[in-house]
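One line per chain: the protein sequences are A and B, in this order. Here numbering that gives the first Met the number 0 is used: the first residue of the first sequence is 0, the next is one more, and so on. Here numbering that gives the first Met the number 0 is used: the first residue of the second sequence is 0, the next is one more, and so on.
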Amino acid sequence: MREPVLGGSVQTPQDRKQPLLRAGNMNCGGCGMSSILQLFSHAVAERDIKIVIPACCGAITAAVYPQSAFDAPTILTTFASAAAVATGVASVARLNNEDTRVVCLAGDGGTYDIGLATLSASAERNENILYICYDNEIYGNTGGQRSSSTPTGAATSSTPTGKVEAKKDIMAIMAAHRIPYAATVSIAHADDAVKKMRMALDTGGFRFLHILSPCPTGWKSEPAMSIELIRLAVRSGLFPVYEVFDGDRYVISIEPDFSDEALAMYLSLQRRFRKSGITESTLRPEIARYWHGLRTMSGRIVPARRV
Amino acid sequence: MGIELISANHAAGLAATLAGRANRGGRGFCCGVYPITPATDCMEYLCSQDIEKGTVVRVESEHSAMAVCIGAAAAGARSFTTTSANGLAYMAENCVTAAGLRFPVIMMVANRTMGPPWNIWAGHGDSLMLRDLGWIQLYCAGNQEVFDSVLSAYRLAEDERIMMPAMICLDGFTLSHTIAQIEVPDQQQVDTFLPPLHVPHQLGSTPHALGQIEVAHQVTSHRRQHHDAMAAVFEVYSRVQKEFRSIMHRELADPVVPYRLDDAETVIISMGTIGATAEQVVDQLREEGQKIGALRIRMLRPLPAALIRKNLQAARRVAVIDRDISLGFGGVLWGEIRAVAASDMLVQNYLAGMGGGDVRPHHIVEIIEDICSKEQAAEPIILEDLQ
Chain A
0 MREPVLGGSV
10 QTPQDRKQPL
20 LRAGNMNCGG
30 CGMSSILQLF
40 SHAVAERDIK
50 IVIPACCGAI
60 TAAVYPQSAF
70 DAPTILTTFA
80 SAAAVATGVA
90 SVARLNNEDT
100 RVVCLAGDGG
110 TYDIGLATLS
120 ASAERNENIL
130 YICYDNEIYG
140 NTGGQRSSST
150 PTGAATSSTP
160 TGKVEAKKDI
170 MAIMAAHRIP
180 YAATVSIAHA
190 DDAVKKMRMA
200 LDTGGFRFLH
210 ILSPCPTGWK
220 SEPAMSIELI
230 RLAVRSGLFP
240 VYEVFDGDRY
250 VISIEPDFSD
260 EALAMYLSLQ
270 RRFRKSGITE
280 STLRPEIARY
290 WHGLRTMSGR
300 IVPARRV
Chain B
0 MGIELISANH
10 AAGLAATLAG
20 RANRGGRGFC
30 CGVYPITPAT
40 DCMEYLCSQD
50 IEKGTVVRVE
60 SEHSAMAVCI
70 GAAAAGARSF
80 TTTSANGLAY
90 MAENCVTAAG
100 LRFPVIMMVA
110 NRTMGPPWNI
120 WAGHGDSLML
130 RDLGWIQLYC
140 AGNQEVFDSV
150 LSAYRLAEDE
160 RIMMPAMICL
170 DGFTLSHTIA
180 QIEVPDQQQV
190 DTFLPPLHVP
200 HQLGSTPHAL
210 GQIEVAHQVT
220 SHRRQHHDAM
230 AAVFEVYSRV
240 QKEFRSIMHR
250 ELADPVVPYR
260 LDDAETVIIS
270 MGTIGATAEQ
280 VVDQLREEGQ
290 KIGALRIRML
300 RPLPAALIRK
310 NLQAARRVAV
320 IDRDISLGFG
330 GVLWGEIRAV
340 AASDMLVQNY
350 LAGMGGGDVR
360 PHHIVEIIED
370 ICSKEQAAEP
380 IILEDLQ
């Protein structure tokens, strides 16, 4: 890999002339989606893209009419419609033999919850869409309510003492659709992220990227710590980074060291976990169980490269 | 030009197919479709057609059907969908978007009663629920009219001064499943009538966003533009009628259809197939010497208020028959007519045919008898109370 590893802040000759996310956008400081768009800007380079955004923070990012914070043609849709609107845009591109990538940029609410049927149907039809879920584990726009992506123990404005239920496994759902490419992406591992984004951009059919996206406002964390939080989530094994090809070929991208210290730091750096009393030891069994499944699916019993 | 023996559902599907093919020189044709009784035949028809530079996406819900049409229109393509009752309600949110983003999406609505309690038969309550969204609404009374309306709706909606979606409504089963002969133009005629679509604000190569946040004065100014475009519909429609006549050698029905109104003191106003029955009753009562006429409102949005007033000049009393009820108010059409009729006119509301109940000539005769016995208007009357 010869990719920039500084979180997307270095321009190389292969990059887009203009960043995909322009200055003056309305994102909060430390927003994971901002980092995702910076990395994605590197990955997109000179490719032609069209962006479809359902109701989510991304709709606010675009800013007030007639300015746009996105350096690509963008349509903002209703909450549950992104994958279906993208279907229309992508179908017309195909009819006109256009080499354009239609990219959905949706939050976890629009992906895990209200948009799930639309997402599932588009995946089932294997539409030519790249669907990026930036997962901040809450309804950020409306003030931080729980979604089915919110992890156990996280306090939200609708679960003030911490969510009881477990986080939904969206990757398993997408893999079950046997789509050509699905991957989880860490914004703390820029080389891996950009590589996967390019892979997703240049694969045909339905592609899905699941990206854990810190929300300092909702996670009650320091904006400057956002990327570090993701590094801790990856190191501890809490956020596994892997790829799934055609729904059955699993490839683990980053081998964690399952550090309890990293897990403890991940929890303690966010005030959302404070009330429920959740600790690294409560999380460890579920992490072990998930990784056991991942190892079985990937056929990799012996850990590979550690980070 | 050929003759086809075809249901109204298929007539709408055929018109959309011809319109879709006509855009092969443009950005093509892309529909999202989903089945619902009694509109299903229309989507099935589309799914069986081979459309050059066209595609029909079989989606998982009406909500997504309209979303696909929105995406297609955003990419500059012509589109079409069809639904009914609860499907339309489920789709409603995206109907707002199609109007708000000023996309010329064309939709056939087989008017059906909303449920539960379930009822699959005719009722105008479904499309009337979406009356105020910024869609053009046309209500039809025959197969040829359905075909012509769908075809000409493209021309009307795609006009750069209009640029908004249009809904072609027809009574579920009563009309949707009625099979009749219609005249069908050749593809070449349709190609002449419908030039390639150009959506001025389509997603192109320059970065701009559609559907962003707007603040109060921007909302006001966009609503004003949309409202002004609605007002322009009448003029554009009469030009579409002229073009239609010269290319199809047939008349395209007016926004309102008057019937023997010249000296009519009593006028029956209705929408959809009830209007055809009303004309039959007018003939019958005219033979008995009564001064009766009928006015069928074909275009509800924009409401051709001036045309309605003009047609009611000689009238003293008006019976408005609604196949719907705005609970706590009365008939929706009655509200519209009351708003445009002269203040001294007797405008009486009759609610009939809800849940697909038959509205037969003798029902309309009873309505006429009732209104002729009145000196002033009463509360809306549900038809079964008359009997």
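Here a beta-carbon is modelled for each residue, glycine too, at the ideal position from N, C-alpha and C.
CB contact check: B/Gln224 to chain A, cutoff 8 angstroms: no
If I follow the unbroken alpha helix (DSSP H) through A/Thr281, where does it start and stop? 279-297
Please state whether DSSP places B/Met353 in a helix, a strand or coil. helix
When the Cβ atoms of the segment 84-95 of chain A are set against those of the segment 20-33 of chain B, are three or more pairs found closer than 8 angstroms? yes
What residues of chain B sit near A/Phe69, judged by a beta carbon separation below 7 angstroms? Pro206, Ala208
Look at the alpha carbon of B/Gly356 and the alpha carbon of B/Glu383, and state the distance between them as a whole number of angstroms. 11 angstroms
Expressed to the nearest angstrom, what Euclidean distance is found between the alpha-carbon atoms of B/Gln283 and B/Gly329? 28 angstroms
Where B/Asn118 sits in the DSSP three-state scheme: coil
Pull up the distance between the alpha-carbon of B/Ala305 and that of B/Gln312, whole angstroms please. 11 angstroms
Here's the rule I'm using: 16 or more other beta-carbon atoms within 10 Å means buried, otherwise exposed. How should A/Thr295 be labelled? exposed
Tell me the rounded alpha-carbon separation between B/Val58 and B/Glu182. 32 angstroms
Quick one: measure Cβ to Cβ for A/Glu285 and A/Leu266, integer angstroms, because I've assumed they're closer than 8 angstroms. Not really, about 14 angstroms apart at Cβ, beyond 8 angstroms.
With 8 angstroms set as the bound, which would you pick, yes or no: does the beta-carbon of B/Cys29 sit closer than that to a beta-carbon of chain A? yes
If you count every other CB in all the chains shown that lies within 10 Å of the CB of A/Thr77, and 16 or more means buried, which is it? buried
By the criterion of Cβ-Cβ separation under 9 angstroms, what are the contact partners of B/His62 in chain A? Thr77, Ala79, Ser80, Ala83, Ala116, Thr117
Counting beta carbon pairs with one atom in the segment 228-238 of chain A and one in the segment 159-170 of chain A, are three or more of them shorter than 8 angstroms? no
From A/Pro3 to A/Pro255, what does the alpha carbon distance come to, in whole angstroms? For A/Pro3, the predicted model reports a pLDDT of 44, less than 50, meaning its position is unreliable; a value from the coordinates is still stated below. Taking the straight line joining both Cα atoms gives about 22 angstroms.
Any heavy atom of the ligand MG closer than 7 angstroms to the beta-carbon of A/Tyr241? Because no ligand of any kind appears in the structure shown, any question about the ligand MG cannot be addressed here.
Check for me: the beta strand (DSSP E) holding B/Met166 runs from which residue to which? 165-170
Which partner residues of A/Cys103 appear in the DSSP bridge assignment? A/Val51, A/Tyr130
Specify, as a first and last residue, the run of the beta strand (DSSP E) that A/His209 falls within. 206-211
Would you mind stating whether B/Ser47 and B/Thr177 have Cβ atoms separated by less than 8 angstroms? no
Around the Cβ of B/Leu326, are there at least 16 other Cβ atoms within 10 angstroms (buried) or fewer (exposed)? exposed
For the segment 137-150 of chain B and the segment 14-22 of chain B, state whether three or more C-beta atom pairs, one from each stretch, are separated by less than 8 angstroms. yes
Would you mind reading off the limits of the beta strand (DSSP E) that contains B/Val256? 255-258
Go ahead and pull the three-state DSSP assignment for B/Asp40. helix
Nearest to B/Leu193 (by Cα), restricted to the options B/Arg23, B/Leu385, B/Ser372, B/Ile381: B/Arg23
What is the residue span of the alpha helix (DSSP H) that A/Ile229 lies within? 225-234
On the DSSP bridge assignment, give the partners of B/Ser6 in chain order. B/Ile178
Where the segment 118-138 of chain B meets chain A: residues whose CB sits under 7 angstroms from a CB there: none
From the DSSP output, in three-state form, read off B/Thr80 for me. strand
Own chain, CB closer than 6 angstroms to B/Tyr89, minus 5 neighbours either side, in chain order: Glu61, His62
Between A/Pro222 and A/Tyr289, is the Cβ-Cβ spacing less than 8 angstroms? no
Can you tell me the Cβ-Cβ gap for A/Tyr180 and A/Met198, rounded? I've got them flagged as a contact below 8 angstroms. 6 angstroms
State buried or exposed for A/Pro159, treating a residue as buried only when at least 16 other CB atoms are found within 10 Å of its CB. exposed
Run through DSSP, which three-state label would B/Val145 get? helix
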